[in-house]
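These notes are about the structure you will find just below.
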Amino acid sequence: MSRALIFPGQGSQFVGMGQDLLDSFAEAREVFERVDDALSQGLSKIILEGPDTDLNMTANTQPALMAVSMAVIEILKKQGGLKIEEICSYVAGHSLGEYSALTAAGSLEIEETARLLRIRGDAMQKAVPVGVGAMAAILGLDFEEVKAIAQEASNGQVCEAANDNSTGQVVVSGHANAVAAAITLAQEKGAKKAVELPVSAPFHCALMQPAADAMRDALAGANMKAPVVPVVANVNATATQDPEDIRDLLVAQVTGTVRWRESVIWMKDHGVEHMVELGAGKVLSGLVRRIDREIACESVGTPEQIEALIAKLKG
């Protein structure tokens, strides 16, 4: 059975995530320590104890979610004796999850990824003054319909389709006034729901260009190797193993649409029958089920789930 490992993005975090892994596995404790050392910060304490306001700061959320996903990966590799290239055909992640996917596939070291995500989170937060931008979820309309609504709502400002998450779930991003206009238009055009999201900045739109510039500089200096399996990139929904391509795609990702629905369809079209979400929460598993119910999908983030996955993969 062809399999893909998939990694969650912002929105999957919660205070206390990974605590059961730390209690059960030395590998998880080692990952958290490596991230803390790389950032010269007690990020583990924020992950485990909060408060929510600190964990939800983009600069903390991004390396925190990566740390939990990498804890699961390290347990699979060391406790399960599993090799990534033997258990999956592709890796993919949602937005920052793409960095987790690359790290799982050996393209980046955990420490380097933590530093890159700290730069990314800081740059994304600083790119737009608080209150200038917004994001909204549009439910019940397809991607092309929402793209057209965003264009109509822009009226000289920025309003773009930022996340194509699943069939009938698209997120728009841009200037706050334009996003508010998009919500009204979507409701008029029959959306089941159109609601502003509680986010700190308008991610994945042209307003993020200063953050894209920062990531171009940061990624230029990163020690990036070819991943052991191809990564399916957010911005073009296709697979690559070329480090220079990956750098360019990660820069483009900051301002580009997260084409998650298309990425899942691409993987299915290339033989993937089973997707395993590794890390906090089960957001991506839910999206995959909405995209195509024929794809077997599971979330693995607890000791019990990890042990069951190891037994399945070795059985």
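Each step along the sequence shown adds one to the number in the numbering used here, with nothing skipped, and position 139 is 144. Using N, Cα and C, we set each Cβ at its ideal position, and we do this for glycine too. Just so we're clear, the structure is a prediction, and the values are computed from it rather than from any experiment.
Threshold first: 4 residues or longer. Then list the alpha helix (DSSP H) segments lying entirely within the segment 226 to 291, N to C.
248 to 260 and 265 to 274
Rounded to the nearest angstrom, what separates residue 18 and residue 70 at their Cα positions?
The residue you call residue 18 lines up with position 13 of the sequence shown. The residue you call residue 70 lines up with position 65 of the sequence shown. Their backbone Cα atoms lie some 6 Å apart in a straight line.
Where the alpha helix (DSSP H) through residue 198 begins and ends
Working through the sequence shown from its first residue, we reach residue 198 at position 193. Segment 198 to 201 is the beta strand (DSSP E) holding residue 198; no alpha helix (DSSP H) there.
Could you please give the first and the last residue of the uninterrupted alpha helix (DSSP H) stretch that includes residue 102?
Counted from its first residue, the sequence shown places residue 102 at position 97. From DSSP, the alpha helix (DSSP H) with residue 102 extends over 102 to 109.
I need the straight-line Cα distance from residue 31 to residue 38, nearest angstrom please.
Your numbering for residue 31 matches position 26 in the sequence shown. Your numbering for residue 38 matches position 33 in the sequence shown. In a straight line, the C-alpha of residue 31 is about 11 Å away from that of residue 38.
For residue 186 and residue 161, the rounded distance between their alpha carbons
Looking up residue 161 in the sequence shown gives position 156. Looking up residue 186 in the sequence shown gives position 181. Answer to the nearest angstrom: the Cα atoms are 12 Å apart.
Span of the alpha helix (DSSP H) around residue 37:
In the sequence shown, counting from the first residue as 1, residue 37 sits at position 32. Note, residue 37: alpha helix (DSSP H), 31 to 44.
When burial is assigned at 16 or more other CB atoms within 10 Å of the CB, is residue 165 buried or exposed?
In the sequence shown, the residue the question calls residue 165 occupies position 160. By the 10 Å Cβ count, residue 165 comes out buried.
Span of the alpha helix (DSSP H) around residue 67
Your numbering for residue 67 matches position 62 in the sequence shown. Unbroken alpha helix (DSSP H) run through residue 67: 63 to 83.
Under the DSSP definition of a beta bridge, which residues are partnered with residue 148?
Residue mapping note: residue 148 aligns to position 143 of the sequence shown, counting from 1. BP columns for residue 148 are empty, so no partner.
Residue 53 lies in the alpha helix (DSSP H); which residues open and close that run?
By one-based count along the sequence shown, residue 53 stands at place 48. Where residue 53 is concerned, the enclosing alpha helix (DSSP H) stretches over 48 to 54.
Residue 174 bridges to which residues according to DSSP?
Stepping through the sequence shown from its first residue, residue 174 is reached at position 169. Partner(s): 144 and 171.
Across which residues does DSSP place residue 138 in a beta bridge pair?
In the sequence shown, counting from the first residue as 1, residue 138 sits at position 133. Looking at the DSSP assignment, residue 138 forms a beta bridge with 180.
Please list the terminal residues of the continuous alpha helix (DSSP H) segment that includes residue 309.
For this step, residue 309 is matched to residue 304 along the sequence shown. Element bounds for residue 309: 308 to 319.
Just verifying my parser: in three-state terms, what is the DSSP assignment at residue 300?
What you label residue 300 is simply residue 295 of the sequence shown in a count that begins at 1. If DSSP states are grouped into helix, strand and coil, residue 300 belongs with coil.
Taking the alpha-carbon of residue 97 as reference, which of 139, 312, 290 and 54 has the nearest alpha-carbon?
Along the sequence shown, read from residue 1 onward, the residue named residue 97 stands at position 92. It is 290 whose Cα lies nearest to the Cα of residue 97.
Cβ pair residue 263, residue 213 closer than 7 Å
What you label residue 263 is simply residue 258 of the sequence shown in a count that begins at 1. What you label residue 213 is simply residue 208 of the sequence shown in a count that begins at 1. Their beta carbons are not under 7 Å apart, which means residue 263 does not touch residue 213 by this criterion.
One question on the structure: do residue 68 and residue 119 come within less than 7 Å of each other, judged by their Cβ atoms?
Reading the sequence shown from its first residue, position 63 is the one you call residue 68. Reading the sequence shown from its first residue, position 114 is the one you call residue 119. Contact flag set, yes.
Output needed for residue 57: all residues of its chain with C-beta closer than 8 Å, excluding positions within five of it in sequence on either side, in chain order.
The residue labelled residue 57 in the question sits at position 52 within the sequence shown. Hits under 8 Å: 20.
According to DSSP, residues forming a beta bridge with residue 123
The sequence position of residue 123 within the sequence shown is 118, counting from 1. Note: residue 123 sits in no beta bridge, so no partner.
Tell me where the beta strand (DSSP E) around residue 212 begins and ends.
As a working mapping, residue 212 is identified with position 207 in the sequence shown. It is not in any beta strand (DSSP E) - residue 212 carries neither H nor E in the DSSP assignment.
Near residue 268, which residues of its chain fall below 6 Å by C-beta distance, leaving aside the five closest residues on each side in sequence?
For the purposes of this step, residue 268 is taken as the residue at position 263 of the sequence shown. The answer, listed in chain order, is 97, 237 and 242.
Proximal residues to residue 111 (C-beta, below 8 Å), its chain only, five neighbours per side dropped:
In the sequence shown, the residue the question calls residue 111 occupies position 106. Only 89, 230, 232 and 233 meet the Cβ criterion.
Buried or exposed: where does residue 298 fall if 16 or more other Cβ atoms within 10 Å of its Cβ makes it buried?
Numbered from its first residue, the sequence shown carries residue 298 at position 293. It counts as exposed.
Let me confirm a value: residue 94 is counted as buried when at least 16 other C-beta atoms fall within 10 Å, else exposed. Which label applies?
Counted from its first residue, the sequence shown places residue 94 at position 89. With 16 or more Cβ atoms within 10 Å of its Cβ, residue 94 is classed as buried.
So who's on the other strand from residue 98, going by DSSP bridges?
Translated into the one-based positions of the sequence shown, residue 98 becomes position 93. Answer is 12, bridged to residue 98.
For the alpha helix (DSSP H) containing residue 91, list its first residue and its last residue.
Working through the sequence shown from its first residue, we reach residue 91 at position 86. First-last of the alpha helix (DSSP H) with residue 91: 89 to 92.
Out of curiosity, what's the CA-to-CA distance linking residue 123 and residue 282?
Your numbering for residue 123 matches position 118 in the sequence shown. Your numbering for residue 282 matches position 277 in the sequence shown. Near 23 Å, if we compare the C-alpha coordinates of residue 282 and residue 123.
Within the same chain, show all residues whose beta-carbon is closer than 6 Å to that of residue 27, passing over the 5 residues directly before and after it, in chain order.
Along the sequence shown, one-based indexing puts residue 27 at 22. Cβ neighbours of residue 27 beyond the five flanking positions: 33 and 34.
Taking 7 Å as the CB-CB cut-off, is residue 291 touching chain C?
The structure shown has no chain C; it contains just one protein chain.
When 159, 48 and 100 are compared against residue 182, the one with the closest alpha-carbon:
Against the sequence shown, residue 182 aligns to sequence position 177. The shortest C-alpha separation from residue 182 is found at 159.
Please return the same chain residues whose Cβ sits closer than 8 Å to the Cβ of residue 83, not counting the five positions on each side in sequence.
Against the sequence shown, residue 83 aligns to sequence position 78. Cβ neighbours of residue 83 beyond the five flanking positions: 32.
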